[in-house]
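Going by our numbering, the letters in the sequence shown line up with residues -8 to 408, in that order.
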Amino acid sequence: MTFRGPARAAPPPAALVLLLAVMGLLNSLCSDMWIPALPALQAGMGVNGWQAQQTISLFFIASAFMSLWCGAIADAHGRRRTILAAIFILALSAGASALATSIEALWALRIAQGLAASAGMVISRAILLDLYHGAEAQHLLGRITLLQIASLIATPVLGAWLATHLGWRSVFIALGVVAAAMLLVYWRWLPETLPAERRQSLSPGALVGSYLLALRTPRFVRLSIAHVANWTSMAIYVVSAPAIVIHLLGRQATDIYLIYAPITLGLSGGFLALPKLLRSFGGTRLLAMAYGILGASIVLNLAIAGLLPAGGVSVLPLFIYSFGLAVALPILVSEAIEPLRQNAGVASSLQTFLQFAMIALASSAIAPWLWDSLFALALGTGALTLIGGVAVLLDRNARRQPPATPLPIASRHPKSP
């Protein structure tokens, strides 16, 4: 199947924001909408909790693996062709998932969905940076992120409603319909933003060299660890949401918004406040303040979980934690990639890989080990946040030392004509 078409001009910024925001939601649509359907899958297919949970874990493992490569593929073959192929695969695999008769078949199809969905976040950012730079790009990225955050509450609520009233297969039918609609919209309106003369070779040697350079850059490693640790802490609550709502809070699956709402509101508040906070305090001081907020939320979470019965107040620390995470996230991400500006695409792919890999680990091993107790969840997320905080402190101390001789920058060679 080919996705060639007539040349298209870049759409107006408002339309582009919407196109890229939805494109970046591919992972959320495939994971957040499906997580509330896990109890329905267990009942409908007669599988146990571990087997059902692997439909999440395998998805994120596949996403993590493919995130290492989809940016390079888009650099070699263009943004438009790559994302249209990914959405096409997603639509087919979603339709097939609705017809699956065994858990093994569903696992295989979820792997296909993970491979395809990983392209959304990577390529949406690449398209934005193809067209815009500096403050304008940051402004548009902020608007895109806010739209994506809104999905954190909308998609799981939709998934819970579909699974409760129409069965777990209806979630995949809805996903297939959305993917098919996206395929038509992007084929009609999405331009190719990477000219042929700027495309890169998929030379394995150049790619491996770039990845090794990133892993040998201490600042990238330290701040990426901090970012991934914080994000995984929040992800543990996301993937544990059905267990928390049903078994710990004693509510129905449709009440999953009790977990997603404070997370969404906290993230939205943090991203909205970020520009003013940066102007007032600067990145270094603001990052320290963000970790103060994260630490306070962990202490409050431990106190509530240890001293009070499970109830509505139990989710309050999630709002505070998410606010601190949103304030810290852009600082950690941008400062981590700054030493690798000439290899920013590879650095971003590697950072995304680490994020997805840890989410896969959290959903398959960490969360099931913790989700029987609110106090255990608080301890687990506190430990991860502590790891991130130590990484930030190590980075701050290292920056006070005399600078070392910079490493040579690895480069990827343009594709030969």
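For every residue, glycine included, the Cβ atom is placed at its ideal position computed from N, Cα and C.
Residue burial classification, residue i (beta-carbon count within 10 angstroms, cutoff 16)
i      : result
Val8   : buried
Ser407 : Only weak support is given to the placement of Ser407: the predicted model assigns it a pLDDT of 49, under 50, and the value that follows is read from those uncertain coordinates. Classification of Ser407: exposed, given that the 10 Å Cβ count is below 16.
Ala327 : buried
Val304 : exposed
Asn388 : exposed
Gln44  : buried
Arg391 : exposed
Ser473 : Nothing about residue 473 can be reported from this structure: the residues present for the chain run from -8 to 408 only.
Val199 : exposed
Leu258 : buried
Arg403 : Reliability fails at Arg403, whose pLDDT of 49 lies under 50, so the model's placement of it is uncertain and the value that follows must be treated cautiously. The residue in question, Arg403, is buried, as its Cβ has 16 or more Cβ neighbours within 10 Å.
Asn221 : buried
Arg213 : buried
Ala356 : exposed
Ala28  : buried
Ser201 : buried
Asp386 : buried
Ala5   : exposed
Gln243 : exposed
Trp159 : buried
First through last residue of the alpha helix (DSSP H) which encompasses residue i
i      : result
Glu326 : Leu307 to Ile328
Gly373 : Leu365 to Arg390
Gln243 : From DSSP, Gln243 is part of no alpha helix (DSSP H); its letter is neither H nor E.
Met24  : Careful: Met24 lies outside any alpha helix (DSSP H) and carries neither H nor E.
Trp429 : What is shown of the chain runs -8 to 408, which leaves residue 429 out entirely.
Arg213 : Pro209 to Val230
Gly303 : That residue, Gly303, is in no alpha helix (DSSP H); it is neither H nor E in DSSP.
Ser109 : Ile94 to Leu122
Ala358 : Ala358 to Leu361
Under 8 Å between C-beta atoms of residue i and residue j
i      : j      : result
Gln139 : Ile94  : no
Arg71  : Glu183 : yes
Thr155 : Thr245 : yes
Ala301 : Leu365 : yes
Pro217 : Val337 : Reading the sequence as shown, one finds Ala at residue 217 and not Pro. Going by C-beta atoms, Ala217 is not nearer than 8 Å to Val337.
Ser231 : Ala358 : yes
Ser339 : Arg116 : yes
Ala110 : Thr73  : yes
Ile80  : Ala107 : yes
Do three or more CB pairs link the region 273 to 293 to the region 369 to 377 at distances below 8 Å? Yes, they touch.
Taking one C-beta from the region 46 to 66 and one from the region 340 to 356 each time, how about it: are there three or more such pairs within less than 8 Å? Contact between the region 46 to 66 and the region 340 to 356 is present, with at least three C-beta pairs closer than 8 Å.
Check whether the region 256 to 268 and the region 161 to 174 are in contact - that is, three or more C-beta pairs closer than 8 Å. Too few Cβ pairs lie closer than 8 Å, so no.
Does the region 113 to 125 come close enough to the region 90 to 104 that 3 or more CB-CB pairs lie under 8 Å? By the criterion of at least three beta-carbon pairs nearer than 8 Å, the region 90 to 104 is not in contact with the region 113 to 125.
Quick check on the DSSP output: what are the complete alpha helix (DSSP H) runs of length 4 or more inside the region 165 to 199, in order along the chain? None, since the region 165 to 199 contains no complete alpha helix (DSSP H) of that length.
What are the complete alpha helix (DSSP H) segments, minimum 4 residues, inside the region 15 to 87? The region 15 to 87 contains these whole alpha helix (DSSP H) runs: 17 to 22, 29 to 36 and 40 to 68.
Does the count of Cβ pairs from the region 156 to 166 and the region 12 to 31 closer than 8 Å reach three? With contact defined as three or more Cβ pairs closer than 8 Å, the region 156 to 166 and the region 12 to 31 are in contact.
Determine contact between the region 272 to 282 and the region 308 to 326, defined as no fewer than three beta-carbon pairs at a distance below 8 Å. Contact holds: three or more Cβ-Cβ distances are below 8 Å.
Would you list, in sequence order, the uninterrupted beta strand (DSSP E) runs of no fewer than 3 residues that lie entirely inside the region 243 to 290? Here no run is fully enclosed.
Should the region 145 to 155 be regarded as contacting the region 68 to 83, the criterion being three or more beta carbon pairs within less than 8 Å? Short answer: they don't touch.
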